[in-house]
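Colleague: Reading the sequence shown from the start, the letters are residues -39 to -1, 1 to 408 in mature numbering (1 follows the signal peptide of the UniProt record, and there is no 0).
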Amino acid sequence: MTDLVFLNLPKKRTLSFMAAAVAGSSFLFVAVADLPAHAQQPAGASSSLPTVSQPTGGTVTTITVSGGNRSLFKIAVPPLVGERDTSNTVVDVASKDFTLSSIFQVLDPKSFTANLGAEGTGIDPASWRNIGAEGVVKGTSAMRGSTVHLELRLFVVSRGAEAVLKKEYDVPASGVRGAVHQFCNEVVKWFTGTAGSFGTRLVFSATTGRGQKGIFSVDSDGNGLSRLQTVSNVALAPAVGPGGVYYSAGMPDGTYQLFKVGSSTPVVKNPGLIFGVGFGAGKMALVVSNSGQSDIFLGGPDGSGLSKATQGGLNTHPAIGPGGQLAYVSNQGGNPQIYVDGKRVSWRGTYNMAPVWCNDPEGVRILFMGRDGATWDIFSVDPSGSPSSMKRLTQDQGSNMYPACSPDGRQVAFFSTRGGLYLSNNQGMNQQRISTANGESLRWEGN
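1) State yes or no: is the C-beta of Val306 within less than 8 Å of the C-beta of Ala365?
2) In the DSSP assignment, what are the bridge partners of Asn313?
3) Going along the chain, which residues of its own chain have a beta-carbon closer than 7 Å to the beta-carbon of Thr397, five neighbours each way excluded?
4) Around the Cβ of Gln143, are there at least 16 other Cβ atoms within 10 angstroms (buried) or fewer (exposed)?
5) Quick check on the burial criterion: 16 or more other C-beta atoms within 10 angstroms. Buried or exposed for residue 410?
6) According to DSSP, is Phe376 helix, strand or coil?
7) Residues in the same chain with beta-carbon distance under 6 Å from Arg138, minus the five sequence neighbours each way, listed in chain order, please.
8) According to DSSP, is Leu61 part of a helix, a strand, or is it coil?
9) Do you know whose CA, among Ile281, Gln190, Ile64, Cys319, lies nearest Ala210's CA?
10) From which residue to which residue does the alpha helix (DSSP H) around Trp137 run?
11) Hey, Thr271 and Ser291: beta-carbon distance below 8 Å or not?
12) Could you give the distance in angstroms between the alpha-carbon of Gly324 and the alpha-carbon of Ser14?
13) Under 8 Å, do Thr82 and Thr108 count as touching if we go by C-beta distance?
14) Quick one: any contact between the region 342 to 362 and the region 147 to 164, if contact means 3 or more CB pairs under 8 Å?
15) Would you check if there are 3 or more beta carbon pairs closer than 8 Å linking the region 277 to 294 to the region 235 to 252?
16) Please report the residue range of the alpha helix (DSSP H) in which Tyr88 lies.
17) Pull the bridge partners of Arg114 from the DSSP assignment, please.
18) DSSP three-state label for Asp256, please.
19) Just the C-alpha distance for Gly121 and Asn91, rounded to the nearest angstrom, thanks.
20) Please identify the residue among Pro368, Ser402, Val373 whose C-alpha is closest to the C-alpha of Thr155.
21) Less than 8 Å between the C-beta atoms of Ala75 and Asp85, yes or no?
22) Are the CB atoms of Ala124 and Trp89 nearer to each other than 8 Å?
23) Does DSSP classify Val201 as helix, strand or coil?
24) Look at the alpha carbon of Lys57 and the alpha carbon of Ser166, and state the distance between them as a whole number of angstroms.
25) Would you mind working out which of Leu33, Ile281, Thr277, Tyr217 sits nearest Gln298, comparing C-alpha positions?
26) At the level of alpha carbons, what is the spacing between Leu403 and Phe376?
27) Use the C-beta contact count for Asp182: other C-beta atoms within 10 angstroms, 16 or more gives buried, fewer gives exposed.
28) Could you say which of Leu126, His110, Thr169, Val117 lies nearest to Ala140 if we only look at CA atoms?
29) Mapping the DSSP letters down to three states, classify Ser350 as helix, strand or coil.
30) For Met330 and Arg309, I'd like the C-alpha separation in whole angstroms.
31) Can you tell me whether Arg188 is helix, strand or coil according to DSSP?
32) Asn391 to Gly253, Cα distance in whole Å?
33) Just how far apart, CA to CA, sit Ser(-14) and Thr216?
34) Please state whether DSSP places Asn386 in a helix, a strand or coil.
35) Got a sec, what are the start and stop residues for the beta strand (DSSP E) Leu287 sits in?
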């Protein structure tokens, strides 16, 4: 446990701040709670938010495959040879992964005209070419003692009857989904050179009762939603760090402390309020409130050697980039805006927050949520802060909040008032709801 020494907050102030924390959606709202709903920026400090360049709710029109642009790759996923339940799981998981990837168009099984029995684990390229298939995933499943043996193959119709990718997995029945995710990651890598992020998980906080919040985890395809065990019924701002999930917990003495799921000992002990944490590049970034201000401290991933990285005002929502840069929200210029290492990078809109880094294949970006009138939408900006680099990913589809980026940089997750957790590609297209869960402070494992 690491100790931070600060002056104790006056008791009255501590209690009022706690009440705001419980009532708000997260500490980020607490930090700006005293600002007017439409606080004024200095004249000329920001311009209007950009609009989307094309509709975002439909299918993706182009992708990058092996260095070139082309239409979505049409892929078929017929039943496996072997046990039916396993086959159904493989088909369902692979079809969903491929759809969410924004790279593939999964063909309707009703269109299949190939003689699947005669083909076995191979393909007759002409039969699949006739229905427009460009790729086919086939395989077998068999029990070997208490484990399931899976053999999965990718065929590219233009390459003929030989599989271009073959993988085998021996897993318990509960591990079939994970094996399919691994294979789909390999398929994405075969086409793009970079593996996909299927099988990773997202963590977030959500209201569980009046004045109560919990920490939850869900797989990247929306499967396996579960509540994580915490030391308090007020648990906020989760982040994935060394060895697990970290979160801020409201304690009986009126403090908020940093904990790791599975441990009842604070990671960092402080007499005031710890309201958020971020990890990356071998660092920890910690939000600490003291005397009516909140600052971000940087140190080792175990909380050692923490030193103040911001000065004055309200500074929240730290996110550490791949090069060790610190992105965060600050109201030092008037309204909440996105900063990187002390430099403001969001120059459009008057209320921007919740930044996360995204290792976009076309270059590192920062995702964040911005308020547009009465709604929120998802935006991205270049870390340099060029005003012209700001792009909008969602528009005219309710409020969309708390973005998270997949480890491979190709997918964006966010909560929407349309009814749950959504995924899109990194341009905001191919939006798919993966869960009805709603929450805040969304983070993606591995990023």
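Cβ atoms here follow ideal geometry from the backbone N, Cα and C, with glycine treated the same way.
Modeller: From the atom records:
1) Position 345 of the sequence shown, counted from the start, is the residue given in the question as residue 306. Position 404 of the sequence shown, counted from the start, is the residue given in the question as residue 365. No, Cβ-Cβ distance for Val306 and Ala365 is not below 8 Å.
2) Counting from one through the sequence shown, the residue named residue 313 turns up at place 352. According to DSSP, which records beta bridges pairwise, Asn313 is partnered with Gly331.
3) Walking along the sequence shown from the start, residue 397 turns up at place 436. Result list for Thr397: Gly380, Gly381, in chain order.
4) By one-based count along the sequence shown, residue 143 stands at place 182. Under this definition Gln143 is a buried residue.
5) As displayed, the chain neither begins before -39 nor continues past 408, which places residue 410 out of reach and without an answer.
6) If you number the sequence shown from 1, residue 376 lands on position 415. Note: Phe376 maps to strand in three-state DSSP.
7) By 1-based counting over the sequence shown, the position of residue 138 is 177. Excluding positions up to five away in sequence, the list reads Val54.
8) Taking the first residue of the sequence shown as 1, we reach residue 61 at position 100. Correct three-state label for Leu61: helix.
9) In the sequence shown, counting from the first residue as 1, residue 210 sits at position 249. When each option's Cα is compared against that of Ala210, the closest is Gln190.
10) Position 176 of the sequence shown, counting from 1, holds the residue named residue 137. First, the residue type needs correcting, since residue 137 is Val and not Trp in the sequence shown. Segment 137 to 153, the alpha helix (DSSP H) holding Val137.
11) What you label residue 271 is simply residue 310 of the sequence shown in a count that begins at 1. What you label residue 291 is simply residue 330 of the sequence shown in a count that begins at 1. For Thr271 and Ser291, yes; Cβs fall inside 8 Å.
12) Here residue 324 refers to the residue found at position 363 of the sequence shown. Here residue 14 refers to the residue found at position 53 of the sequence shown. It is roughly 19 Å from the alpha-carbon of Gly324 to the alpha-carbon of Ser14.
13) On the sequence shown, residue 82 is found 121 positions in, with the first residue counted as 1. On the sequence shown, residue 108 is found 147 positions in, with the first residue counted as 1. No, the Cβ-Cβ distance between Thr82 and Thr108 is not below 8 Å.
14) A contact is defined here as three or more CB-CB pairs under 8 Å, and the region 342 to 362 fails this definition with respect to the region 147 to 164.
15) Between the region 277 to 294 and the region 235 to 252 there are three or more inter-stretch CB-CB distances shorter than 8 Å, so the stretches are counted as touching.
16) By one-based count along the sequence shown, residue 88 stands at place 127. Reading off the sequence, residue 88 comes out as Ser, not Tyr. Start and end: 86 to 90.
17) In the sequence shown, counting from the first residue as 1, residue 114 sits at position 153. Lys99, Lys127.
18) Taking the sequence shown and counting its residues from 1, the one referred to as residue 256 is at position 295. Correct three-state label for Asp256: strand.
19) The residue labelled residue 121 in the question sits at position 160 within the sequence shown. The residue labelled residue 91 in the question sits at position 130 within the sequence shown. So the alpha carbons of these two residues sit roughly 14 Å apart.
20) Working through the sequence shown from its first residue, we reach residue 155 at position 194. Looking at the Cα atoms, Pro368 is the closest of the given residues.
21) To locate residue 75, count along the sequence shown from 1; it is residue 114. To locate residue 85, count along the sequence shown from 1; it is residue 124. Their beta carbons are under 8 Å apart, which means Ala75 touches Asp85 by this criterion.
22) Here the question's residue 124 lines up with position 163 in the sequence shown. Here the question's residue 89 lines up with position 128 in the sequence shown. It is not a contact, given that the beta carbons lie outside the stated cut-off.
23) Indexing the sequence shown from 1 puts residue 201 at position 240. Three-state result, Val201: strand.
24) As a first step, residue 57 must be located in the sequence shown, where it is residue number 96. As a first step, residue 166 must be located in the sequence shown, where it is residue number 205. Linking Lys57 to Ser166 through their CA atoms gives a straight-line distance of about 25 Å.
25) For this step, residue 298 is matched to residue 337 along the sequence shown. For Gln298, the closest alpha carbon among the candidates Leu33, Ile281, Thr277, Tyr217 is that of Thr277.
26) Start at 1 with the first residue of the sequence shown, and residue 403 comes out as number 442. Start at 1 with the first residue of the sequence shown, and residue 376 comes out as number 415. Looking at the two C-alpha atoms, the distance is approximately 8 Å.
27) Reading the sequence shown from its first residue, position 221 is the one you call residue 182. Burial check for Asp182: the Cβ neighbour count within 10 Å reaches 16 or more, so the residue is buried.
28) Your numbering for residue 140 matches position 179 in the sequence shown. From the listed residues Leu126, His110, Thr169, Val117, the smallest Cα separation to Ala140 is found for His110.
29) Within the sequence shown, residue 350 is the residue found at index 389, counting from 1. Helix, per DSSP.
30) In the sequence shown, counting from the first residue as 1, residue 330 sits at position 369. In the sequence shown, counting from the first residue as 1, residue 309 sits at position 348. Whole-angstrom Cα-Cα distance: 12 Å.
31) For the purposes of this step, residue 188 is identified with residue 227 of the sequence shown, where counting begins at 1. Residue state for Arg188 is assigned as strand, using DSSP reduced to three classes.
32) Taking the sequence shown and counting its residues from 1, one reaches residue 391 at position 430. Taking the sequence shown and counting its residues from 1, one reaches residue 253 at position 292. Roughly 42 Å between the two C-alpha positions.
33) Along the sequence shown, one-based indexing puts residue -14 at 26. Along the sequence shown, one-based indexing puts residue 216 at 255. Any reading at Ser(-14) needs caution, since the residue's pLDDT is 37, under 50, leaving its predicted position unreliable; the model's value is listed next. Cα to Cα, Ser(-14) sits roughly 15 Å from Thr216.
34) Taking the sequence shown and counting its residues from 1, one reaches residue 386 at position 425. Strand.
35) By 1-based counting over the sequence shown, the position of residue 287 is 326. Run containing Leu287: 287 to 291, per the beta strand (DSSP E) assignment.
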